[in-house]
Each structure stands twice: as C-alpha cells, then as structure tokens.
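*Asks:* Residue numbers (our numbering): 85 to 266.
Structure incoming, see below.
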Amino acid sequence: MADTAQRQVEFSDIWLKKMKTVFHRFSVNKDGKLNRDAGKTASARYISSNGLKGDQARRIREKWQTILMMLTTRFTAISEEQFINSLKEQINTDAFRAVLKDVCTNNFDLINVNQRGNITKEEMASWCKFLGQDDVDSFFEALDTKKDGVITADEWQQAWNEFYFSEDESSLYNKLFGPLAE
C-alpha cells in the first residue's frame with residue numbers, strides 16, 4: 085500500500101479519465117459544478133436507495149457533506165477544469181495524500197451502512213448501483229484481496245491509492261467510481 089501511495093502522478097490520459105470520472109460521480113446535479121448542493125442531492129438519493137432513516141440517514145448526510153467539503157475546499161462551486169487543475173497542483177504533495185486518506189475513510193464509512201467496520205457485498209452492490217457500475221461480482225472480488233467475503237478499510241484504502249496514484253491502464257481499480265468518463 086505505501087508503495088502505491090508514494091508514486092508520483094504524471095497526468096497520463098488514463099489518470100485524466102479517472103479524475104473526470106470522480107468529478108462526474110460527485111457532480112450529481114449535472115450542472116457541471118461540484119458544490120455542497122451536489123452533496124445534498126447525492127445523500128438524498130443514496131439514503132432513498134438504501135431505505136435509510138433516522139441516525140443512519142443523518143450519518144450519511146454528514147458523510148456526503150464532509151466529502152464534498154474536502155473536495156471543494158478552495159471554492160464554493162468548482163468546475164471540472166478547476167477540479168482537474170486543483171488535483172494536478174496538489175496530488176503529488178504529502179498534504180493531498182493526507183486529505184485523500186480522510187476522504188477515503190469517509191467514503192468507506194458512507195458505504196458501510198451497517199457500521200460493522202467492513203463493506204459487505206450487499207453494501208458494495210448498493211454503492212455500485214449508485215455509481216452506475218454493473219459488474220459488482222468481479223469488482224467486489226478484486227477489492228476483497230483477503231478473500232474473506234468483506235472489504236476491510238485497508239483493502240479500500242489500497243483501492244483508492246491504486247485509483248489515484250496508478251496510471252496502469254489495465255488496473256481493475258480504474259473502475260472504483262464506475263465506468264470511466266471520456
């Protein structure tokens with residue numbers, strides 16, 4: 085894990101496609117902007133699709149807001165171009181890597197609806213449906229490197245490190261946020 089997280093990104097075409105994919109997955113209002121309203125819309129959809137209520141729904145709303153705040157720290161609304169340029173400026177810094185770890189942890193907690201400390205196949209299926217990712221089985225199996233039927237926080241962090249810092253076009257982790265944008 086540490087080796088992947090220490091790679092220097094060179095901004096290849098595959099890396100740009102992955103970052104565009106992240107932007108489009110979080111810009112759920114389809115207005116070409118990432119902002120806190122997108123977090124409200126995303127959390128409402130995710131809560132509804134999982135049938136969450138009460139404390140679970142509140143926790144999911146808070147996680148979405150935390151993630152969006154981390155992604156848009158310098159802007160009230162950020163365009164795709166600003167998002168990509170901001171990542172290019174920051175991704176190879178230690179500060180970005182620390183923030184990414186926090187975003188990854190919050191995303192893990194968001195998907196871990198049952199709060200048991202790991203992601204089940206059912207939870208991953210719900211997340212994949214939300215992202216428009218169809219092949220849940222092979223994706224889950226790739227993330228479950230320990231082959232114990234759940235995805236741990238360490239396995240999830242490894243997937244995020246591979247997604248953000250690897251420029252390997254054949255990596256299964258390239259679809260962490262669903263099909264790649266063009």
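Note that CB positions come from ideal geometry on N, CA and C, so glycine has one too.
DSSP state of L215, grouped into three classes?
*Replies:* Along the sequence shown, read from residue 1 onward, the residue named residue 215 stands at position 131. Helix at L215.
*Asks:* Thinking Q174 and F180 are a contact (beta carbons under 8 Å), I'd like their distance in whole angstroms, please.
*Replies:* To locate residue 174, count along the sequence shown from 1; it is residue 90. To locate residue 180, count along the sequence shown from 1; it is residue 96. Contact holds; Cβ gap of about 4 Å.
*Asks:* Would you check if the distance between the CB atom of A128 and the CB atom of F110 is smaller than 8 Å?
*Replies:* As a working note, residue 128 is residue 44 in the sequence shown. As a working note, residue 110 is residue 26 in the sequence shown. Cβ distance not < 8 Å, so A128 and F110 don't count as in contact.
*Asks:* In whole angstroms, what is the alpha-carbon distance linking A226 and L256?
*Replies:* On the sequence shown, position 142 is the one that residue 226 refers to. On the sequence shown, position 172 is the one that residue 256 refers to. Approximately 7 Å between the Cα atoms of the pair.
*Asks:* Comparing alpha-carbon positions, which option in F261, G262 and E251 lies nearest I98?
*Replies:* Here residue 98 corresponds to residue number 14 of the sequence shown, with the count starting at 1. Nearest of F261, G262 and E251 to I98, Cα basis: E251.
*Asks:* Could you give the uninterrupted runs of the alpha helix (DSSP H) lying entirely in the segment 93-174, keeping only those of 4 residues or more?
*Replies:* Whole alpha helix (DSSP H) segments, 4+ residues: 97-110, 120-134, 138-155 and 164-174.
*Asks:* Here's the rule: buried if 16 or more other CB atoms are within 10 angstroms of the residue's CB, otherwise exposed. What is N196?
*Replies:* Residue mapping note: residue 196 aligns to position 112 of the sequence shown, counting from 1. Counting Cβ neighbours within 10 Å, N196 comes out buried, since at least 16 surround it.
*Asks:* For G116, which residues of its own chain have a beta-carbon under 7 Å away from its beta-carbon, when the five flanking residues on both sides are left out?
*Replies:* Translated into the one-based positions of the sequence shown, residue 116 becomes position 32. Within the same chain, G116 has close Cβ partners S163 and E164.
*Asks:* For N113, which residues of its own chain have a beta-carbon under 7 Å away from its beta-carbon, when the five flanking residues on both sides are left out?
*Replies:* Your numbering for residue 113 matches position 29 in the sequence shown. The answer, listed in chain order, is D121, A122 and T125.
*Asks:* Going by Cα to Cα distance, which pick from K102, S170, Q199 and E94 is closest to L136?
*Replies:* Residue 136 sits at position 52 when you count from the first residue of the sequence shown. L136 has its Cα closest to that of Q199, out of K102, S170, Q199 and E94.
*Asks:* Could you tell me which of I203, K104 and Q90 sits nearest to N169, measuring between CA atoms?
*Replies:* Reading the sequence shown from its first residue, position 85 is the one you call residue 169. Comparing Cα-Cα distances from N169 to each of I203, K104 and Q90, the minimum goes to K104.
*Asks:* Would you report the Cα separation of T269 and N119, rounded to the nearest angstrom?
*Replies:* Absent from the model: residue 269. The displayed extent of the chain is 85 to 266, so no value can be given.
*Asks:* Which term fits A243, buried or exposed, when burial requires 16 or more other beta carbons within 10 angstroms of its beta carbon?
*Replies:* Position 159 of the sequence shown holds residue 243. Buried, since its Cβ has 16 or more Cβ neighbours within 10 Å.
*Asks:* Could you work out which residue in F224, E206, W148 and L100 is closest to T189 when comparing CA atoms only?
*Replies:* Here residue 189 is taken as the residue at index 105 of the sequence shown, counted from 1. The candidate whose alpha carbon is nearest that of T189 is W148.
*Asks:* Short check: CB of N258 to CB of K102, under 8 Å?
*Replies:* Residue mapping note: residue 258 aligns to position 174 of the sequence shown, counting from 1. Residue mapping note: residue 102 aligns to position 18 of the sequence shown, counting from 1. Contact: yes.
*Asks:* In chain order, which continuous runs of the alpha helix (DSSP H) of length 4 or greater are located wholly inside the segment 175-216?
*Replies:* Those alpha helix (DSSP H) runs which fall completely within the segment 175-216 and span 4+ residues are 178-195 and 205-215.
*Asks:* Assuming S133 contacts S210 under a Cβ cut-off of 8 Å, what Cβ separation, rounded to an integer in Å, is found between them?
*Replies:* Counted from its first residue, the sequence shown places residue 133 at position 49. Counted from its first residue, the sequence shown places residue 210 at position 126. Yes, they are in contact, since the Cβ atoms of S133 and S210 sit about 6 Å apart, within 8 Å.
*Asks:* Considering only residues of the same chain and omitting the five flanking positions on each side of F107, which have a CB-CB separation below 6 Å?
*Replies:* In the sequence shown, counting from the first residue as 1, residue 107 sits at position 23. Excluding residues within five positions, the ones whose Cβ falls inside 6 Å are E164 and F167.
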